[in-house]
Structure formats: C-alpha cells, structure tokens
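Trainee:
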Amino acid sequence: NKQSYFFQRSMINSEISCFTCCLENKLLITSTNQSLIQFWDYTTTDLLPVAFQSTIRKLKTLTLVYDFVVNSKKSTRKFKLILTGDDEHQRVCIQILQYSHQNQALQLLHKQISDWEITHFNPITPLESSKGFISMGTRNLRIWRLNRLSENYVLQGSNLNVSNDFYTNPSI
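Heads up, the working numbering is the position in the sequence shown plus 501, with the first residue counted as 1.
Here it is in structure tokens:
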C-alpha cells in the first residue's frame with residue numbers, strides 16, 4: 502500500500518494524457534500531451550531509455566497488445582502499442598508500434614487515417630493481436646484486423662451494425 506511518484510524534469514510542463522501497464526515486463530507506459538511515449542520501471546519508478554515521438558497531435562488512446570512468438574527453444578511474448586488520436590490535419594489517425602525488448606526501442610509498423618471517430622480501441626482478446634481489435638466512437642463500432650503482406654502491414658476495418666431499435670425501444 503505504498504504510494505509512488507513518477508517524475509522527470511522535462512515533464513514539468515507536460516501532462517500525462519494516456520497510460521497502460523505491461524505487468525510481465527514491469528513497465529508503465531505513458532504518453533504526454535505532446536505525444537511523447539515513455540517507458541517507466543514501475544518497481545523503481547525510473548524512467549527507461551525507451552521513447553517514441555508520435556506524429557499524432559492529440560493522443561486519445563494508448564493500447565498494449567501481446568504477440569506470442571513460438572520458436573523451437575521457447576515461446577516469448579512481444580507486444581505492440583496502438584495509438585489513436587488526431588493528426589495535424591484534425592483527421593483520426595491510428596499508429597501501430599512494435600516494441601523490441603532486445604533493442605529497447607519502438608518501431609512504427611503501420612500508420613493509417615480513419616474516417617471514423619475513435620474514443621476506445623482494444624484487442625478482442627487481450628492476450629494476442631491476431632484475433633483483431635474493436636474500436637468505438639460516438640456512433641460507431643468497428644472490427645479491425647492487422648494483416649502482414651510481405652514487408653508491410655495493412656489494417657482493415659469493417660462496421661458492426663447496431664440496430665436503432667435498441668435506442669428507441671430499450672425493452673428489446
């Protein structure tokens with residue numbers, strides 16, 4: 502029941518806009534209001550030398566998704582970060598970053614503009630990204646799937662139709 506504080510000198514004029522935790526690696530991942538992604542060791546409250554400056558101007562969601570990697574020696578977990586928010590032209594933008602534990606770095610895998618507002622973005626199954634994602638906006642639900650085509654990634658989305666009867670007749 503001990504309270505901890507995470508503080509860095511350069512964050513004096515920055516606010517935390519989003520955060521997520523990676524319990525397995527003992528990481529707290531934060532984004533500032535200037536869309537700087539930073540990693541903290543939550544057991545020591547130390548700022549780690551992993552950072553990524555996103556081109557998203559107003560970050561709305563920061564989602565962590567695990568990937569299982571199975572090889573002949575052992576299975577390990579990698580993870581991706583999914584960022585959503587508004588870009589410099591006020592368009593909804595989605596960025597997918599891959600975290601490399603070996604290099605202690607984030608790499609941009611995919612960036613995409615969406616015609617749909619996104620207020621929430623989560624994996625369908627929290628344990629792996631291969632099952633896809635679901636996003637929610639003010640008046641939309643969408644299913645997303647990240648596919649790899651040779652060296653590139655493609656994020657495909659489709660609408661989930663929700664009946665208007667639900668809103669006009671709550672007894673349904």
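Glycine included, each C-beta is placed from N, C-alpha and C at the ideal position.
What you are looking at is a predicted structure, and each value in this text was computed from that prediction instead of being measured.
1. Does the beta-carbon of threonine 564 have 16 or more other beta-carbons within 10 angstroms, so that it is buried, or is it exposed?
2. Which whole-angstrom value is the C-beta distance of leucine 607 and isoleucine 557, which I expect to be below 8 angstroms?
3. Anyone know if the C-beta pair for leucine 610 and tyrosine 654 falls short of 9 angstroms?
4. Considering aspartate 616, what are the terminal residues of the beta strand (DSSP E) in which it resides?
5. How long is the line joining the alpha carbons of glutamate 525 and glutamate 589, rounded to whole angstroms?
6. Just to check my reading of the structure: valine 593 and isoleucine 625 have Cβ atoms closer than 8 angstroms, yes? What is that Cβ distance to the nearest angstrom?
7. In chain order, what residues of the same chain have a beta carbon less than 6 angstroms from the beta carbon of asparagine 641, not counting five sequence neighbours either side?
8. Could you give the DSSP three-state label for histidine 621: helix, strand or coil?
9. On a Cα-Cα basis, can you pick out the residue from Ile644, Met637, Thr521 and Thr533 that is closest to serine 515?
10. Could you give the distance in angstroms between the alpha-carbon of threonine 521 and the alpha-carbon of threonine 544?
11. Would you mind sorting isoleucine 517 into buried or exposed? The rule is 16 or more other CB atoms within 10 Å of its CB.
12. Run through DSSP, which three-state label would glutamine 605 get?
13. Report the option in Ala552, Gln554 and Ile595 whose CA atom is closest to the CA atom of glutamine 657.
Mentor: Checking against the coordinates, here is how it stands:
1. By the Cβ neighbour-count rule, threonine 564 is buried, with 16 or more other Cβ atoms within 10 Å of its own.
2. Not quite, the Cβ-Cβ distance comes to about 13 angstroms (not below 8 angstroms), so this is no contact.
3. Yes, the pair counts as a contact, with Cβ atoms nearer than the cut-off.
4. First-last for aspartate 616: undefined, no H or E at that position.
5. Going by the C-alpha atoms only, they are around 34 angstroms apart.
6. Your pair valine 593 and isoleucine 625 does not check out as a contact, with CB atoms roughly 20 angstroms apart and the cut at 8 angstroms.
7. By the criterion of a C-beta distance shorter than 6 angstroms, asparagine 641 is surrounded in its chain by Trp617, once the five residues flanking it on both sides are discounted.
8. Of the three classes helix, strand and coil, the one that applies to histidine 621 here is strand, per DSSP.
9. Here the closest residue by C-alpha is Thr533.
10. Answer to the nearest angstrom: the Cα atoms are 15 angstroms apart.
11. Looking at its Cβ environment, which holds fewer than 16 other Cβ atoms inside 10 Å, isoleucine 517 is exposed.
12. Coil, per DSSP.
13. The closest CA to that of glutamine 657, considering only Ala552, Gln554 and Ile595, is found on Ile595.
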